Amino acid sequence: MKIRTCPVGAFQMNCYLVADEETREGVLIDPGDETERLLEMVRSEGVTVQALLLTHGHVDHVMRAQEVKEALRVPLYAHRADLELIQAAPQQAAFFGLEPGPVPVVDGELKEGEDFRAGSLVFQVLHTPGHSPGGIVLVCGNCAFVGDTIFAGSVGRTDLPGGDGRQLARSIRTQIYRLPDETVLYPGHGPATTVGEEKSSNPYVRALDA
Numbered sequence: 005m006k007i008r009t010c011p012v013g014a015f016q017m018n019c020y021l022v023a024d025e026e027t028r029e030g031v032l033i034d035p036g037d038e039t040e041r042l043l044e045m046v047r048s049e050g051v052t053v054q055a056l057l058l059t060h061g062h063v064d065h066v067m068r069a070q071e072v073k074e075a076l077r078v079p080l081y082a083h084r085a086d087l088e089l090i091q092a093a094p095q096q097a098a099f100f101g102l103e104p105g106p107v108p109v110v111d112g113e114l115k116e117g118e119d120f121r122a123g124s125l126v127f128q129v130l131h132t133p134g135h136s137p138g139g140i141v142l143v144c145g146n147c148a149f150v151g152d153t154i155f156a157g158s159v160g161r162t163d164l165p166g167g168d169g170r171q172l173a174r175s176i177r178t179q180i181y182r183l184p185d186e187t188v189l190y191p192g193h194g195p196a197t198t199v200g201e202e203k204s205s206n207p208y209v210r211a212l213d214a
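For the sequence shown, the working numbering begins at 5 and goes up steadily by one.
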C-alpha cells in the first residue's frame, strides 16, 4: 500500500491518496481543497481512484469534494450523521471567510462495522463521534486515517456544533486505543503518529475525561 499526503487549504488539511502499489487502484480521503493539486497528485502517481471518502463533514475536509468527484467521476462516501454538515459546506465556508465550493453530493454511507472495499484495499469503518457527530476512522492494514478525532499530542476541537468532549474521549479510548500499539495514525492535520505513542503521552485525552 502506498500513501501520499497532500496538505491543502487555509487550514493545511491532510488529504490522503491511498493506493495498491500493484494494481494502482485507490481512494482519496478528505479531498477538501486545492482541486488541481489533488488531481495532479493522482495523475503523477498513476492511480485510478475508485472513490472519495470523508472522515467527517467540516468545511476544510469537504469544501472542494464535489469538484474532485466530478473531475474523477467517482462516488463520494461519508457517515450519515454528518450529512447536514456536509450539505451546509457553503455556510461553513462563509463563517470562516473562505470561498465556498459546490455542495458535495454524497452517494453512499460509511457504516460502523462494515468494511469499505476499493479494489484490493479494505477499510474497516469505526464511528468516532465527538469532534463531529459523524466522524469516522478508516483502518487499512496497520494504518488508520483518523480525521480530526486525534492528532499527534492533541485531539480535535469540540466547540463547534455537534462537538462533545466526553464523547470524543470515549471514541478515542474505545475505538482508536483498542487498535494495536504499532498502528500508524494519519490525522487530518499535522504529522503521523502511532496508537502506542498517543496512549502513553497524549495529555488531552486524559483532560477530556476529567
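Heads up, the beta-carbon is just placed ideally off N, CA and C, and yes, glycines get one too.
Just so you know, these numbers come straight off a predicted model, no measurement behind them.
- By the beta-carbon neighbour count (other beta carbons within 10 angstroms, threshold 16), residue 40 is exposed.
- Residue 208 carries a helical assignment under DSSP once its states are collapsed to helix, strand and coil.
- Counting the other Cβ atoms within 10 Å of the Cβ of residue 66 gives 16 or more, which makes it buried.
- Looking at the backbone, the Cα of residue 34 and that of residue 69 are separated by about 7 Å.
- Residue 100 is classed as exposed because its beta carbon has fewer than 16 other beta carbons within 10 Å across all chains shown.
- With fewer than 16 other CB atoms across the displayed protein chains lying within 10 angstroms of its CB, residue 185 is exposed.
- The Cβ-Cβ distance between residue 159 and residue 208 falls below 8 Å.
- For residue 81, the beta-bridge partners assigned by DSSP are 57, 112.
- In the three-state scheme derived from DSSP, where H, G and I count as helix and E and B as strand, residue 200 is classed as helix.
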